[in-house]
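Trainee: Dumping the structure here so I can ask a few things about it.
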Amino acid sequence: MKQHKKHSDRLRRDAPRPLFILYLFLIAWLPIPLGSNRVWAWSLFEVAICLLAGVWLVYILTRKLSLPEALIRLKIPLLLLGAWILYQWLQLVPLPLAMLEFFSPSTAALIASAEPVIGTGWHPISMDPGSSLAGILKNTAYLLMLVMTLILVDSRKRLRTLMILLLCVGLGEALLGIAGYYGNGLTLLWVETGGTSRAHGTYPNPNHFGALLSISISVTLGLLLTSMNLLREGKGMRGILIRWLSVVLSPRAVLIVALVTMFGALYLSNSRGASLSLFFSLLLVIAFGIYRHGWQSREAAMLPVALLLSLGAALFMGAGRLMERFLLFQAESEERLIIWQTTLEMVSDYPVFGIGEGGFQWLFPVYETVESSSAWYKYAHNDYLELLVNQGIVGALLLGGAMMLLLRHLFSSFTARRDPLVRGVLFAALSAIFSFLVHALFDFNFHIPANAAWFHVMLGAGLVACYLPSRHSHSHVASV
1 MKQHKKHSDR LRRDAPRPLF ILYLFLIAWL PIPLGSNRVW AWSLFEVAIC LLAGVWLVYI
61 LTRKLSLPEA LIRLKIPLLL LGAWILYQWL QLVPLPLAML EFFSPSTAAL IASAEPVIGT
121 GWHPISMDPG SSLAGILKNT AYLLMLVMTL ILVDSRKRLR TLMILLLCVG LGEALLGIAG
181 YYGNGLTLLW VETGGTSRAH GTYPNPNHFG ALLSISISVT LGLLLTSMNL LREGKGMRGI
241 LIRWLSVVLS PRAVLIVALV TMFGALYLSN SRGASLSLFF SLLLVIAFGI YRHGWQSREA
301 AMLPVALLLS LGAALFMGAG RLMERFLLFQ AESEERLIIW QTTLEMVSDY PVFGIGEGGF
361 QWLFPVYETV ESSSAWYKYA HNDYLELLVN QGIVGALLLG GAMMLLLRHL FSSFTARRDP
421 LVRGVLFAAL SAIFSFLVHA LFDFNFHIPA NAAWFHVMLG AGLVACYLPS RHSHSHVASV
């Protein structure tokens, strides 16, 4: 009987350990080469994740194994995401001018006006097929990152390992950012970090560095929440105080130190968007947890720690320059508003099918006004508006519909599950996801490969937690 059980367990281990290790290595590598925001770096990422997916596919086909349960349960949102990728490919299909005029009159008119230069013939909806192809390959890689997370993170141990890795990489980035901030002409790896007024780690842009830290901070808070014992310390504020004293005086205090360090690096990045987005998302998830589970919940205990640790980091590292940047917000926001107004004009001209992935940077100068012509804008500094420009209402509905379904899964499990690890991972996932979604209103993190990939990893980790067997479940749980 025992032999039969072992044999059954072995058959259900659909994710080989070497693939999981390579997957972890890829996650750790992505932020290092300037956030993978260089052609060679994101190309390496695309090849690596496709190879991982291909090897896994060959593995299950040769062994005639079934698909993981998470993929089956999430088939509708995953199919929507697949349709979203397919739609972007369809934007590259050349069409006769008459048909193009039916689908996108503004695109046809623009092509007709440029006929002496580009000639007559068939043309795709995409304004720049080369940029669209690059964007599609990136989006496909992000989707594969989500799928491989659902496949490879198939046990409690692997899920915890993934969380610890995200913490460690974020802590390393924070230490590098702090060292660069206080260093004098310091060069680490290939990143010149010294002499800068803002911490930025391995990223050229401090705002994207801050966004990555928001994920690692959320993960660390989730691990702290996982480690709490709510059963024997009493009720009310006294119980919360005792719980946190037990954490501070235990080996888990290393998580406190990591949090203070990462909060400090976040402040030194002077990223207003990352800071505000993180605190908004933390308050949102904590408030939802308290609403669903009451003041005796684990989430209630996170409120004082998030506030106290962030305040402690601000006092220790100093947040004066961040405050100065908030004072400059009105002047800088006027420029952003001009960009957004111009982008909305583009959306109104290409409402349904857009102009193709990656086309914003090439069409924006056509609409640019005198007030916004002082710089070349590659991004709209609002990922939602840029999505509408590039992919139109059709692309936005496909992606938005899939995300809404996936978020419903996360919130439903966050309400229903009681397992500490599951609750901690869901807390981390929801906090990180909403931090990125809010930050996307002011920045372009979804166009930074490392950050976009980490977002999909956190989304996948939360979905894995939704269907993870409880600690005392007799269901099979594969080991690392």
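Residue numbers (UniProt numbering): 1 to 480.
Note that the Cβ used here is the ideal one computed from N, Cα and C, for glycine as well.
Quick caveat, the model's predicted, so the values are computed rather than measured.
1) Excluding sequence positions up to five away, which residues of its chain have a Cβ less than 7 Å from the Cβ of Tyr467?
2) What residues match up with Leu95 in a beta bridge as DSSP calls it?
3) Let me check understanding here. Comparing Cα to Cα, which of Phe455, Trp56, Val389 lies closest to Gln91?
4) Which term fits Lys138, buried or exposed, when burial requires 16 or more other beta carbons within 10 angstroms of its beta carbon?
5) Report all residues from its chain with a CB closer than 7 Å to the CB of Val93; omit the five preceding and five following residues, and keep chain order.
6) If you measure between the beta carbons of Leu363 and Leu406, is that distance less than 8 Å?
7) For Pro204, which residues from the same chain have a beta carbon less than 7 Å from its beta carbon, with the 5 sequence-adjacent residues on both sides left out?
8) Taking buried to mean at least 16 other C-beta atoms within 10 Å of its own C-beta, is Met163 buried or exposed?
9) Would you decide whether Met302 is buried or exposed? Buried here means 16 or more other CB atoms lie within 10 Å of its CB.
10) For a quick check, are the C-beta atoms of Gly358 and Ala134 less than 8 Å apart?
11) In three-state terms, what does DSSP make of His200?
12) I need the DSSP call for Thr369, collapsed to helix, strand or coil.
13) Contact between the stretch 392–401 and the stretch 167–179: three or more CB pairs below 8 Å?
14) Grab me the residues of Leu255's own chain with a C-beta within less than 7 Å of its C-beta, minus the 5 sequence neighbours each way, in chain order.
15) Should the stretch 419–437 be regarded as contacting the stretch 272–284, the criterion being three or more beta carbon pairs within less than 8 Å?
16) According to DSSP, is Ser297 part of a helix, a strand, or is it coil?
17) Going by other Cβ atoms of all chains shown within 10 Å of its Cβ, with 16 needed for buried, is Gly130 buried or exposed?
18) Report the option in Ile27, Phe353, Thr415 whose CA atom is closest to the CA atom of Tyr291.
19) Is it buried or exposed, Leu231, if we count other Cβ atoms within 10 angstroms and call 16 or more buried?
20) Distance check for Ser43 and Leu30, CA to CA, integer angstroms please.
21) Considering only the beta carbon of each residue, do Met262 and Ile215 sit closer than 8 Å?
22) Take Ala28 as the anchor and find which of Pro16, Ala15, Phe45, Arg38 has the nearest alpha-carbon.
23) Hey, quick one: how far does the alpha helix (DSSP H) through Tyr181 stretch, first residue to last?
24) Check the C-beta distance from Leu167 over to Ala258 and give it rounded, since I have them as a contact under 8 Å.
25) On a Cα-Cα basis, can you pick out the residue from Arg158, Ala199, Leu159, Val457 that is closest to Ile178?
26) May I ask whether a heavy atom of the ligand SAH can be found less than 7 Å away from the beta carbon of Val254?
27) Within 10 Å of its beta-carbon, does residue 528 have 16 or more other beta-carbons around it, so buried, or fewer, so exposed?
28) Three-state secondary structure (DSSP) at Pro16?
29) Between the alpha carbons of His293 and Ser412, how many angstroms are there, rounded?
30) Given this structure, state the Cα-to-Cα distance separating Glu335 from Tyr367, to the nearest angstrom.
31) Reducing DSSP to helix, strand and coil, say where Glu335 ends up.
32) Return yes when the Cβ of Leu344 is within less than 8 Å of the Cβ of Leu385, no when it is not.
33) From Ala306, Ala461, Asp154, His381, pick the residue whose C-alpha is nearest to that of Thr342; which is it?
34) Quick one: is Gly121 buried, meaning 16 or more other Cβ sit within 10 Å of its Cβ, or exposed?
35) Taking the continuous alpha helix (DSSP H) assigned at Gly356, which residues delimit it?
Mentor: This is what the structure holds:
1) Here the set comprises Glu69, Ala70, Arg73.
2) Answer is His123, bridged to Leu95.
3) Considering only Phe455, Trp56, Val389, the residue with the shortest C-alpha distance to Gln91 is Val389.
4) Label assigned to Lys138: buried.
5) So the qualifying residues of the chain are Pro124.
6) No Cβ-Cβ contact shorter than 8 Å links Leu363 with Leu406.
7) Cβ neighbours of Pro204 beyond the five flanking positions: Leu34.
8) A buried status is given to Met163, since no fewer than 16 other beta-carbon atoms sit within 10 Å of its beta-carbon.
9) A residue is called buried when at least 16 other Cβ atoms come within 10 angstroms of its Cβ; Met302 meets this threshold and is buried.
10) Note that the C-beta distance between Gly358 and Ala134 is below 8 Å.
11) DSSP places His200 in the coil class of the three-state scheme, outside both helix and strand.
12) Coil, per DSSP.
13) No, the stretch 392–401 is not in contact with the stretch 167–179.
14) Only Thr220, Leu223, Leu224 meet the Cβ criterion.
15) Contact holds: three or more Cβ-Cβ distances are below 8 Å.
16) DSSP places Ser297 in coil when its eight states are reduced to three.
17) Exposed, because fewer than 16 other Cβ atoms sit within 10 Å of the Cβ of Gly130.
18) The shortest Cα separation from Tyr291 among Ile27, Phe353, Thr415 belongs to Thr415.
19) In this prediction, Leu231 has a pLDDT of 39, which is less than 50 and means its spatial position is unreliable; nothing more can be read from the coordinates.
20) When rounded, the distance between both Cα atoms is 11 Å.
21) Not closer than 8 Å, so no.
22) The shortest C-alpha separation from Ala28 is found at Phe45.
23) Unbroken alpha helix (DSSP H) run through Tyr181: 156–182.
24) In this structure Leu167 is in contact with Ala258, their Cβ atoms being roughly 6 Å apart against a cut-off of 8 Å.
25) That would be Ala199, whose Cα lies nearest to the Cα of Ile178.
26) Absent from the structure shown: the ligand SAH. Ligands present: none.
27) No answer is possible for residue 528: it lies beyond the span of the chain, which begins at 1 and ends at 480.
28) Note: Pro16 maps to coil in three-state DSSP.
29) The straight-line gap from Cα to Cα measures roughly 13 Å.
30) C-alpha separation (whole angstroms): 15 Å.
31) Looking at Glu335 - three-state DSSP - the assignment turns out to be helix.
32) Result yes, Cβ atoms of Leu385 and Leu344 sit closer than 8 Å.
33) With distances taken between Cα atoms, Thr342 lies closest to His381.
34) Exposed, because fewer than 16 other Cβ atoms sit within 10 Å of the Cβ of Gly121.
35) Gly356 -> no alpha helix (DSSP H), and no H or E assigned at all.
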